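S.K.:
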Amino acid sequence: MNDRLSAQYWLHEKELTAYSSEAVRDRRRSAMERFEAVGFPTVRDEDWKYSSLKPVLAPHYGLRPPCAPLEDEHLEYKDIKRFLVNELDSYRVVFLNGRYSSWLSDTTHRGFDVCTLSAAWKKYPETIDRYFAQLTENLGPLAQLNTALAWDGLYVVVPDNVVVDRPIQVLSFTTGTEPRATQIRNLVVLGVNAQAEIIERHQSLSDHPTWTNAVDEAYLAAGAQLRWVKLQHDAPEASLTQHTRIQQARDSRAQVNTISTGGRFIRNNLDFLLQEPGADARMLGLTLAKGKQLVDHHTLVDHQAAHCTSHENYKGIYDDGAKGVFNGRIYVHEDAQKTDAYQQNANLVLHERAEVNTKPQLEIFADDVKCSHGCTVGQLDEDALFYLRARGIKEPEARALLMLAFAEDALAGIDHPSLNAKLHKLIAGKLGVDLTLDL
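According to my numbering, the residues represented by the sequence shown are 1 to 439, in order.
Written out as C-alpha cells, the structure is:
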C-alpha cells in the first residue's frame, strides 16, 4: 500500500501542483517524503498502541489519479436526501469519491467564499500559499499522506466582521463496486470577528470496504467564532481517519461536536492551538459502538497564551465486542498563566467483551492555573434502572432511556432545532429508544 500511494504521487505530481506556488509544491513534496520515510503507523507507535490500522489497510483499494474529474459516477438528490438536514436552510458542498459534485451542491462567493479546494488552487493561489499545510508540517504520516495527495475538499474563507448567513453542510460520499480510498482536505479561514458553522458528514454508499483519510485546517483571527458538527454514522465496512487542527487568536471561540456512531474504524485527532489571550475551545464527543467497531479519539489542547479557557467532555457507550480509545492531552505553557482547562471522559461498558482504554494527560508548566480532569468506566446505575422499572417501563426501554440521558451532553451548543432533532433521533435509534414513550 505504501508503494502504491507513493507511486501515485510521483506519477501525478505535475497535475497536483499545476496551479501551486513553489512553496506549496515544496510542502507537498516534503510531505510525501516524510510519509515514505516512516510509512503507516503501527501499534508499536505510542499514539496507535490500541488501534491497529491493519484491517483498514488490508483491502486492495482502487486508486484513481488524484485530479481525475467525475465521469460515469453520478448521484441524484434523492440518493443523498436522507443524509442531509433537509429542514435547515444551508449552503451545501458535496463530494463524490473525493471529487466535487456541482449538481448536488449550493456554494457562494457573495461576500465570502464557500466553495471547493479544487477551485481554490487556481482561483485563490495567494490564500492557498498562505494557509495550506501550515498547521500540519509536524503531524503524523496520515496527515502527510493527505497533504501530498489531497486535491479536493471544503474551502471557506470569511472576511473580517462577516457572519456566514447559513450553516454549511459538507458531505463526502463514497460509491463503487470495489474497495476505494479517498483523501479529503478542508480549509477554513475566518477573519476578525467572522462567524461560520459547519456540519460535516462522511458517508459510504458502497457494500465494499472504503477508507476516507481527511485533514482539516482552520484559522480563527481575533474574535472569530466557529462551530463544527462532525456526524460519523457511516456504513459497516467504512473506515475514517481524520485530523482536525484549529489555530485560535485573541478572544476567538471554537466548538466541535463529534458524534461517532457508525463505521468499522474511526480515528479522530482534534487539536486546538490557543495562541493569544482570551481564546476559548470547546469539544464535546459521543461514541456509540458495538460489534467489531473501533472508535479512537485523540485530542490536544495547546494552551500557549494566558487567560485562555478550554472545556472538553467526551462520552462513550460500548457494547458487544466494541473497542474504544480516548487520549486527551492538555498542555499548558509557562507563559499561559490564568489558564482554565477542564477535561472529562465518561464511559459505559455494557458487555464483558467490550473494551475502553482511556488516558487523560495534563502537562502544566504554569503555576497560576485552574486545570481539572477525570475519567470513568462503569455500567448503568442499577438504582436509576430500578426507579424506571418501578414506573412500569420495561427493562430494555429503561436501559435505553438511561443511555440516552447519559449521551445528551454531546449535543450541547447545537442551536438549530432541526439539526438537534436529527441527531437526537439518530442517537435514540442507535440506542433503541422509543421517542414516543410517554413518561
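Built from N, CA and C at the ideal position, the CB exists for glycine as well.
Please read all numbers here as calculations on a predicted model, not as lab measurements.
For residue 245 and residue 216, which I take to be in contact (beta-carbon distance under 8 Å), what is that distance rounded to the nearest angstrom?
M.R.: The residue you call residue 245 lines up with position 245 of the sequence shown. The residue you call residue 216 lines up with position 216 of the sequence shown. Going by Cβ atoms, the distance from residue 245 to residue 216 rounds to 7 Å, so yes, they are a contact pair.
S.K.: How would you write the range of the alpha helix (DSSP H) that residue 56 sits in, first residue to last?
M.R.: Residue mapping note: residue 56 aligns to position 56 of the sequence shown, counting from 1. 54 to 57 is the span of the alpha helix (DSSP H), which, as asked, contains residue 56.
S.K.: So, at 7 Å on beta carbons, what are the nonlocal neighbours of residue 139 in its own chain, with the 5 sequence-adjacent residues on each side left out?
M.R.: In the sequence shown, counting from the first residue as 1, residue 139 sits at position 139. Closer than 7 Å at Cβ, skipping near neighbours: 243.
S.K.: Going by DSSP in three states, residue 260 sits in which element: helix, strand or coil?
M.R.: Residue mapping note: residue 260 aligns to position 260 of the sequence shown, counting from 1. Three-state DSSP puts residue 260 in a strand.
S.K.: Could you check whether residue 369 and residue 332 sit closer than 8 Å to each other, using their CB atoms as the reference points?
M.R.: The residue labelled residue 332 in the question sits at position 332 within the sequence shown. The residue labelled residue 369 in the question sits at position 369 within the sequence shown. Cβ atoms of residue 332 and residue 369: closer than 8 Å.
S.K.: Could you tell me whether the Cβ atoms of residue 210 and residue 73 are closer together than 8 Å?
M.R.: As a working note, residue 210 is residue 210 in the sequence shown. As a working note, residue 73 is residue 73 in the sequence shown. No, the Cβ-Cβ distance between residue 210 and residue 73 is not below 8 Å.
S.K.: Counting only the same chain and skipping the five closest in sequence on each side, list residues whose C-beta sits under 6 Å from that of residue 115.
M.R.: The count along the sequence shown starts at 1 and reaches residue 115 at position 115. Result list for residue 115: 107 and 155, in chain order.
S.K.: Quick check on residue 161: buried or exposed, where buried means 16 or more other Cβ atoms within 10 Å of its Cβ?
M.R.: Counting from one through the sequence shown, the residue named residue 161 turns up at place 161. The residue is exposed, with fewer than 16 neighbouring Cβ atoms inside 10 Å.
S.K.: Is residue 197 near the ligand GTP, with its Cβ less than 7 Å from a heavy atom?
M.R.: Although the ligand GTP was asked about, the structure shown includes no ligands whatsoever.
S.K.: If you measure between the beta carbons of residue 258 and residue 230, is that distance less than 8 Å?
M.R.: Position 258 of the sequence shown, counted from the start, is the residue given in the question as residue 258. Position 230 of the sequence shown, counted from the start, is the residue given in the question as residue 230. Yes, the Cβ-Cβ distance between residue 258 and residue 230 is below 8 Å.
S.K.: With respect to the beta strand (DSSP E) encompassing residue 373, which residues constitute its N-terminal and C-terminal limits?
M.R.: If you number the sequence shown from 1, residue 373 lands on position 373. Taken as a continuous stretch (DSSP letters only), the beta strand (DSSP E) holding residue 373 covers 370 to 378.
S.K.: Using C-beta distances below 7 Å, list every residue in its chain close to residue 320, excluding the 5 sequence neighbours before and after it, in chain order.
M.R.: Within the sequence shown, numbered from 1, the residue matching residue 320 stands at position 320. Answer for residue 320: 290, 291, 351, 353 and 354, listed in chain order.
S.K.: Assess contact between the segment 366 to 384 and the segment 182 to 190, defined as three or more Cβ pairs (one per stretch) separated by less than 8 Å. Is contact present?
M.R.: No contact exists between the segment 366 to 384 and the segment 182 to 190.
S.K.: Excluding the 5 residues flanking residue 379 on each side, which residues of the same chain have their C-beta closer than 8 Å to its C-beta?
M.R.: Along the sequence shown, read from residue 1 onward, the residue named residue 379 stands at position 379. Contacts found: 348, 349 and 350.
S.K.: From residue 70 to residue 80, what distance separates their C-alpha atoms?
M.R.: Here residue 70 is taken as the residue at index 70 of the sequence shown, counted from 1. Here residue 80 is taken as the residue at index 80 of the sequence shown, counted from 1. Distance between the alpha carbons of residue 70 and residue 80: 17 Å.
S.K.: Apply the 10 Å Cβ neighbour rule to residue 318 and answer buried if 16 or more other Cβ atoms are within range, or exposed otherwise.
M.R.: Locating residue 318 in the sequence shown gives position 318, counting from the first residue. It is buried - the Cβ of residue 318 has at least 16 other Cβ atoms within 10 Å.
S.K.: In the DSSP assignment, the beta strand (DSSP E) including residue 198 goes from what residue to what residue?
M.R.: By 1-based counting over the sequence shown, the position of residue 198 is 198. Note, residue 198: beta strand (DSSP E), 195 to 204.
S.K.: Whole angstroms are fine: how far does the CA of residue 29 sit from the CA of residue 82?
M.R.: Along the sequence shown, one-based indexing puts residue 82 at 82. Along the sequence shown, one-based indexing puts residue 29 at 29. In a straight line, the C-alpha of residue 82 is about 39 Å away from that of residue 29.
S.K.: Taking only the alpha-carbon atoms, compute the straight-line gap between residue 42 and residue 165 and give it to the nearest angstrom.
M.R.: Here residue 42 corresponds to residue number 42 of the sequence shown, with the count starting at 1. Here residue 165 corresponds to residue number 165 of the sequence shown, with the count starting at 1. Roughly 43 Å separates the two Cα atoms.
S.K.: How long is the line joining the alpha carbons of residue 362 and residue 228, rounded to whole angstroms?
M.R.: Position 362 of the sequence shown, counting from 1, holds the residue named residue 362. Position 228 of the sequence shown, counting from 1, holds the residue named residue 228. Answer to the nearest angstrom: the Cα atoms are 25 Å apart.
S.K.: Using only the alpha-carbon positions, how far apart do residue 360 and residue 15 sit?
M.R.: Start at 1 with the first residue of the sequence shown, and residue 360 comes out as number 360. Start at 1 with the first residue of the sequence shown, and residue 15 comes out as number 15. Going by the C-alpha atoms only, they are around 43 Å apart.
S.K.: Can we say the segment 326 to 345 touches the segment 301 to 316, given the rule of at least three CB pairs closer than 8 Å?
M.R.: Short answer: they touch.
S.K.: Since I believe residue 182 is in contact with residue 98 (beta carbons under 8 Å), could you give me their beta-carbon distance rounded to a whole number of angstroms?
M.R.: To locate residue 98, count along the sequence shown from 1; it is residue 98. To locate residue 182, count along the sequence shown from 1; it is residue 182. Their Cβ separation, rounded to whole angstroms, is 4 Å, which keeps residue 98 and residue 182 in contact under 8 Å.
S.K.: I'd like the list of long-range same chain contacts for residue 67, defined as Cβ closer than 6 Å, with 5 residues on each side in sequence excluded.
M.R.: On the sequence shown, residue 67 is found 67 positions in, with the first residue counted as 1. Cβ neighbours of residue 67 beyond the five flanking positions: 15 and 151.
S.K.: Alpha carbon to alpha carbon, how far is residue 406 from residue 345?
M.R.: Within the sequence shown, the letter at position 406 stands for residue 406. Within the sequence shown, the letter at position 345 stands for residue 345. The straight-line gap from Cα to Cα measures roughly 12 Å.
S.K.: If you compare alpha carbons, which of 143, 389 and 159 is closest to residue 34?
M.R.: Position 34 of the sequence shown, counted from the first residue, corresponds to residue 34. When each option's Cα is compared against that of residue 34, the closest is 143.
S.K.: For residue 420, which residues of its own chain have a beta-carbon under 8 Å away from its beta-carbon, when the five flanking residues on both sides are left out?
M.R.: The residue you call residue 420 lines up with position 420 of the sequence shown. Correct list, in chain order: 411 and 414.
S.K.: So residue 125 and residue 19 are in contact, right, with Cβ under 8 Å, and what is the actual spacing, rounded?
M.R.: On the sequence shown, position 125 is the one that residue 125 refers to. On the sequence shown, position 19 is the one that residue 19 refers to. With 8 Å as the limit, residue 125 and residue 19 qualify as a contact, their Cβ atoms being about 6 Å apart.
S.K.: Can the beta-carbon of residue 51 be found less than 8 Å from the beta-carbon of residue 234?
M.R.: The sequence position of residue 51 within the sequence shown is 51, counting from 1. The sequence position of residue 234 within the sequence shown is 234, counting from 1. The answer is no: Cβ separation not under 8 Å.
S.K.: According to the Cβ coordinates, are residue 194 and residue 168 closer than 8 Å?
M.R.: Walking along the sequence shown from the start, residue 194 turns up at place 194. Walking along the sequence shown from the start, residue 168 turns up at place 168. No, these two residues do not count as a Cβ contact at 8 Å.
S.K.: Could you give the first and the last residue of the continuous alpha helix (DSSP H) run that contains residue 112?
M.R.: By one-based count along the sequence shown, residue 112 stands at place 112. Taken as a continuous stretch (DSSP letters only), residue 112 belongs to no alpha helix (DSSP H), as it is neither H nor E.
S.K.: Taking the alpha helix (DSSP H) that residue 32 belongs to, which residues open and close that run?
M.R.: By 1-based counting over the sequence shown, the position of residue 32 is 32. It spans 22 to 38 - the alpha helix (DSSP H) in which residue 32 sits, taken as one unbroken run.
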